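>
Residue numbers (this note's numbering), protein chains in the order written: chain A, 37 to 336; chain B, 392 to 748.
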C-alpha cells in the first residue's frame, strides 16, 4: 500500500493537480488542488495516510482559485464538492484549513450510513471516551493533550457511530486547534507537530496537529464506547468528575448530531444503544496535568 | 450526450443495469445522481430489485444513506403540510397542494425517493391576502422585502414572495396560478379548481386533477430558468405519465385539457423529452407531440444540455452558454420584452451589488 510519505515532492504536487485519493478511516477523498498550502498541509500532517486504491471514492473535492480578479489580487480560494461550494471564498493562504472544514462538511452532509455526532473520540485500553463539543469548553485542547499522552485519537470533530454494531469508527485526521490552544499544546509536548498557522479565519488563528503514526496505522480499527465526558475548562478549578444523567446526555448528543434528524428511528436506536453502553460524566478542570491524571484513572 | 449522463438515464430506465457497472462507472454515477438529486431514487430502485448485496461496499453505504434521506424527506413534507393545513383549514376555500407536496400526500409514484425543496400551494386569488395574513399569524414571514421584489411578485408573478417559517426554516410558496400573469401562455386558474381531487382525511385540502398534475409539471419544467433540477422534474413527469397512462383514454384527455388550458406547447415538450430520455411509453399514434419542426433540432439540443447540467464536470464554455440561453428563454416566456429588459438589468445590478458586499 502506498502512503503520502512515499510520494516524492513532485509526485505529490502532480497527483494533487490531477486529483489525489486520500484515505482517512472509512472515507476516500478525491482531492484536487494546486494550492501551496494544501500541498504542504498534506505533506506534513498526512504523511502516514494511505493513498486510496479503490475506484469508487466517497467525495470529490477541489480547492481552487475563483475565475475572477481574486485569482491574483488578494487571492482567494473556493472549496468545492462536486458542483456545491458551501463556504464563501477564503484567502488563499487558508486553503488547507478550507480543505479540512470542507471535508468535515462533506461528512456531516452526506455520511448518513453512520450516525454522526459533533464530538471528539479517543481510545485507551480498548475502550473509547467521547467528548461532545460545547463551543469554548476546551474540547480540542483536551483532545490534543490526550492524543499526545498515550490515548489513540479516533476523531477530534465528528464521531462516526456504526448503525448496525454501535462501534465508533476512527478517521485519525489532524486535530484542529484555535488561538491560545495552539501555544498551550506546543508548550505541553515537544512531540507536537503542527501545520502552518492560518491567521484571521472566522475562528481566529487555527493550526492542525499531526496525528501520531500509530493512530494512523490503526485507523481501520473501530472501538466500543466506555465513557461520555463533557469537559469544561475553568481557571483554577480542581479536576472534578461528576455523574451526568444518561437521558440528559442523550438529548445533548441528539441536538449536537449532524444527522440525527435525518436518520429517524434508526438514529434514535443507534444513539440510545450508544449512551446506554457508556458511563456519563461532567468534568471540570483548570490544569491539563490534572485532567490527564483523571482520564488515566478513568481508563485504568 | 456524454457517457455519464447516458448512464444515469439508463439506470433510471432500467435499474437492474446498475448491477453490471464497473467501480469507476459507479464512481461517476454516484456523483452525477447525487448532483441531480436522484441518488435516493436510484437507491430505492436498487432496494426494490434486491440487488444491494452485489454492489461495491462504498456504493452500498451511500445508497443506504440516500434511503434515509428519502424517508426523512417524506416525513418532513407530511409534517410541514400538516402545519400549513392547521393554519388554513378553517378558511372556507380549497387549499391545493402542488408538485412534491401533492405527490407525497396523495401517495403518487413521483414521491418515491424524491428530494423536496419548498412546499407549493395554490389558493384562489381572492383569498390571497387572507391566506398570507393567516400564515404570518402562524409563524411564516415574507422574504424578499425590498420594494422592487415586492412589486415583481405582486404585480407580475403567479405567487407571492416565498415565506419562511420562523422556527422550522421551511419555505412555502403560495401561488394563485401556475404561470406568471405576464407569461405568454394564459392558463386560467379558475379552470384548475374545477377538477381538483381531495386529499383523504384532510378537510379543504386538495391536489390538482390527474391531467393538470402533468400539465403543471410540464409547464413548470419548460418555463424553468435554472436547470439544476431539470432531470428530476422530468423523472416526475415520467412517473406521472406511466402511472396515469395505464388508463387507456388518459393521453387524449390530457391533450384536450392542454388545449383548453393553453398549455399545449409545454405538454408537447414534456412528452417528447420524457419519451426520448426516459423511455416513457407513449403510443406513437396517440402522441400529440408536434414540436415545431424548425425549432426542433436547436431547442432539442439545448434542452438535452439543460437536463445534463447537474453533472459535476459541467464546465465547458458551450454548456454554460446554452444554460444562459435557456435562462433567458425562460424569462422571455414569462414576461414581455418591455418588462423583461428592465428586469434583467435590475437583477444584474443587484447581483453585482451583493457580490461586492
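The beta carbon of each residue, even a glycine, is placed where N, CA and C say it ideally should be.
Nothing here was measured: the structure is a model prediction, and the numbers come from that model.
Mind checking if residue 670 of chain B is an interface residue toward chain A, Cβ cutoff 8 angstroms exclusive?
Mapped onto the second chain, residue 670 of chain B falls at position 279. Closer than 8 angstroms: no.
> Taking the beta carbon of residue 459 of chain B as the centre, do at least 16 other beta carbons fall within 10 Å, making it buried, or is it exposed?
The sequence position of residue 459 of chain B within the second chain is 68, counting from 1. When all chains shown are included, residue 459 of chain B counts as buried.
> By a C-beta neighbour count over all protein chains shown, 10 Å radius and 16 as the cutoff for buried, is residue 245 of chain A buried or exposed?
As a first step, residue 245 of chain A is located in the first chain; it is residue number 209 there, counting from the start. Classification for residue 245 of chain A: buried.
> What does residue 118 of chain A reach in chain B if we use C-beta pairs closer than 8 angstroms?
Taking the first residue of the first chain as 1, we reach residue 118 of chain A at position 82. In chain order: 422, 425, 426 and 703.
> Along the alpha helix (DSSP H) that carries residue 545 of chain B, what are the first and last residues, could you check?
The residue given as residue 545 of chain B occupies position 154 in the second chain. Here residue 545 of chain B belongs to no alpha helix (DSSP H), and DSSP marks it neither H nor E.
> Pull the bridge partners of residue 293 of chain A from the DSSP assignment, please.
Against the first chain, residue 293 of chain A aligns to sequence position 257. In DSSP, residue 293 of chain A forms a bridge with A:153.
> For residue 147 of chain A, return the contacting residues in chain B, with the cut-off set at a CB-CB distance below 8 angstroms.
In the first chain, the residue the question calls residue 147 of chain A occupies position 111. 456, listed in chain order.
> Report yes or no: is there a C-beta of chain B within less than 8 angstroms of the C-beta of residue 308 of chain A?
Indexing the first chain from 1 puts residue 308 of chain A at position 272. No, residue 308 of chain A does not count as interfacial toward chain B.
> Run down chain A in chain order and give the residues with a C-beta less than 8 angstroms from the C-beta of residue 463 of chain B.
Along the second chain, read from residue 1 onward, the residue named residue 463 of chain B stands at position 72. The answer, in chain order, is 297, 298, 299 and 300.
> Determine the burial state of residue 146 of chain A: buried for a count of at least 16 other Cβ atoms within 10 Å of its Cβ, exposed for fewer.
Sequence index remark: in the first chain, residue 146 of chain A carries index 110 (1-based). By the neighbour-count rule (16 or more Cβ atoms within 10 Å), residue 146 of chain A is buried.
> Between residue 657 of chain B and residue 609 of chain B, how many whole angstroms is the CB-CB distance? I'm expecting something under 8 angstroms.
The residue you call residue 657 of chain B lines up with position 266 of the second chain. The residue you call residue 609 of chain B lines up with position 218 of the second chain. Their Cβ separation, rounded to whole angstroms, is 4 angstroms, which keeps residue 657 of chain B and residue 609 of chain B in contact under 8 angstroms.
> Using CA atoms only, rank isn't needed, just tell me which of B:688, B:600 and B:430 is closest to residue 497 of chain B.
Counting from 1 along the second chain, the entry for residue 497 of chain B is found at position 106. Among B:688, B:600 and B:430, the Cα nearest to that of residue 497 of chain B is on B:600.
> Going by CA-CA distance only, name the one from B:528, B:535, B:667 and B:517 that's closest to residue 567 of chain B.
By 1-based counting over the second chain, the position of residue 567 of chain B is 176. Comparing Cα positions, the closest option is B:517.
> Alpha carbon to alpha carbon, what distance is there between residue 127 of chain A and residue 110 of chain A?
In the first chain, counting from the first residue as 1, residue 110 of chain A sits at position 74. In the first chain, counting from the first residue as 1, residue 127 of chain A sits at position 91. For residue 110 of chain A and residue 127 of chain A, the distance between alpha carbons rounds to 7 angstroms.
> Spatial neighbours of residue 93 of chain A within its chain, please: C-beta separation below 8 angstroms, excluding the five flanking residues on both sides.
Within the first chain, numbered from 1, the residue matching residue 93 of chain A stands at position 57. Excluding sequence neighbours, residue 93 of chain A sits near 57, 64, 65 and 66.
> So which residues on chain A does residue 415 of chain B lean against when the C-beta distance must stay under 9 angstroms?
Here the question's residue 415 of chain B lines up with position 24 in the second chain. By Cβ distance, chain A contributes 91 and 92.
> When burial is assigned at 16 or more other CB atoms within 10 Å of the CB, is residue 353 of chain B buried or exposed?
Absent from the structure is residue 353 of chain B, since the part of chain B shown begins at 392 and ends at 748.
> Residues of chain A with a CB under 8 angstroms from the CB of residue 450 of chain B: which are they?
In the second chain, the residue the question calls residue 450 of chain B occupies position 59. Within 8 angstroms Cβ-Cβ: 92.
> Do the stretch 579-598 of chain B and the stretch 539-547 of chain B touch if we need at least three Cβ pairs shorter than 8 angstroms?
No: fewer than three Cβ pairs fall under 8 angstroms.
> Would you report the Cα separation of residue 203 of chain A and residue 241 of chain A, rounded to the nearest angstrom?
Indexing the first chain from 1 puts residue 203 of chain A at position 167. Indexing the first chain from 1 puts residue 241 of chain A at position 205. Rounded to the nearest angstrom, the two C-alpha atoms are 34 angstroms apart.
> Just by C-beta distance, which residues in the stretch 610-635 of chain B are closer than 9 angstroms to chain A?
Cβ contacts with chain A: 619.
> Which residues in the same chain as residue 655 of chain B place their Cβ atom closer than 6 angstroms to its Cβ, once the five residues preceding and following it in sequence are excluded?
Residue numbering aside, residue 655 of chain B sits at position 264 when the second chain is read from its first letter. Hits under 6 angstroms: 649.
> Let me know if residue 54 of chain A comes out buried or exposed under the rule of 16 or more other beta-carbons within 10 Å of its beta-carbon.
Taking the first chain and counting its residues from 1, one reaches residue 54 of chain A at position 18. When all chains shown are included, residue 54 of chain A counts as exposed.
> Following the continuous beta strand (DSSP E) through residue 97 of chain A, name the residue where it begins and the one where it ends.
Looking up residue 97 of chain A in the first chain gives position 61. Counting along the chain, the beta strand (DSSP E) containing residue 97 of chain A begins and ends at 95-100.
> Alpha carbon to alpha carbon, how far is residue 402 of chain B from residue 436 of chain B? Give it in angstroms, no decimals.
Residue mapping note: residue 436 of chain B aligns to position 45 of the second chain, counting from 1. Residue mapping note: residue 402 of chain B aligns to position 11 of the second chain, counting from 1. So the alpha carbons of these two residues sit roughly 9 angstroms apart.
> Of all the options B:467, B:622, B:430 and B:618, which has the alpha carbon lying nearest to the alpha carbon of residue 451 of chain B?
Within the second chain, the letter at position 60 stands for residue 451 of chain B. The shortest Cα separation from residue 451 of chain B among B:467, B:622, B:430 and B:618 belongs to B:430.
> Quick test of your reading: residue 598 of chain B and residue 487 of chain B, contact by CB under 8 angstroms. State the CB separation rounded to the nearest angstrom.
Indexing the second chain from 1 puts residue 598 of chain B at position 207. Indexing the second chain from 1 puts residue 487 of chain B at position 96. Yes, residue 598 of chain B and residue 487 of chain B are in contact; Cβ-Cβ is about 7 angstroms, under 8 angstroms.
> Would you call the stretch 216-228 of chain A and the stretch 116-123 of chain A in contact, with 3 or more CB pairs under 8 angstroms?
Flag = no, the stretch 216-228 of chain A and the stretch 116-123 of chain A do not touch.
> Return no unless some Cβ of chain A is closer than 8 angstroms to the Cβ of residue 556 of chain B.
Mapped onto the second chain, residue 556 of chain B falls at position 165. Output row for residue 556 of chain B: interface = no.
> Of all the CB atoms in chain A, is at least one closer than 8 angstroms to the CB of residue 553 of chain B?
Taking the first residue of the second chain as position 1, residue 553 of chain B is located at position 162. Chain A contact via Cβ: absent.
> Which one of B:618, B:738 and B:530 has the shortest CA to CA distance from residue 712 of chain B?
The residue you call residue 712 of chain B lines up with position 321 of the second chain. Measuring from the Cα of residue 712 of chain B, the nearest candidate turns out to be B:618.
> For my contact list, residue 300 of chain A and residue 462 of chain B are in at a C-beta cut-off of 8 angstroms; report their separation, rounded to the angstrom.
Within the first chain, residue 300 of chain A is the residue found at index 264, counting from 1. Within the second chain, residue 462 of chain B is the residue found at index 71, counting from 1. 6 angstroms between Cβ atoms; contact.
> Give me the residue from A:197, A:290, A:276 and A:81 with the minimum Cα distance to residue 338 of chain A.
This structure cannot settle anything about residue 338 of chain A, because the visible part of chain A is limited to 37 through 336.
> When we look at the beta-carbon of residue 736 of chain B and count the other beta-carbons within 10 Å, is it buried (16 or more) or exposed?
On the second chain, position 345 is the one that residue 736 of chain B refers to. The residue is exposed, with fewer than 16 neighbouring Cβ atoms inside 10 Å.
> Classify residue 558 of chain B as helix, strand or coil using the three-state DSSP reduction.
Taking the first residue of the second chain as position 1, residue 558 of chain B is located at position 167. In this structure, residue 558 of chain B counts as coil in the three-state DSSP scheme.
> Could you check whether the Cβ of residue 501 of chain B sits closer than 8 angstroms to any Cβ belonging to chain C?
Considering every chain present, this structure includes no chain C. Its protein chains are A and B.
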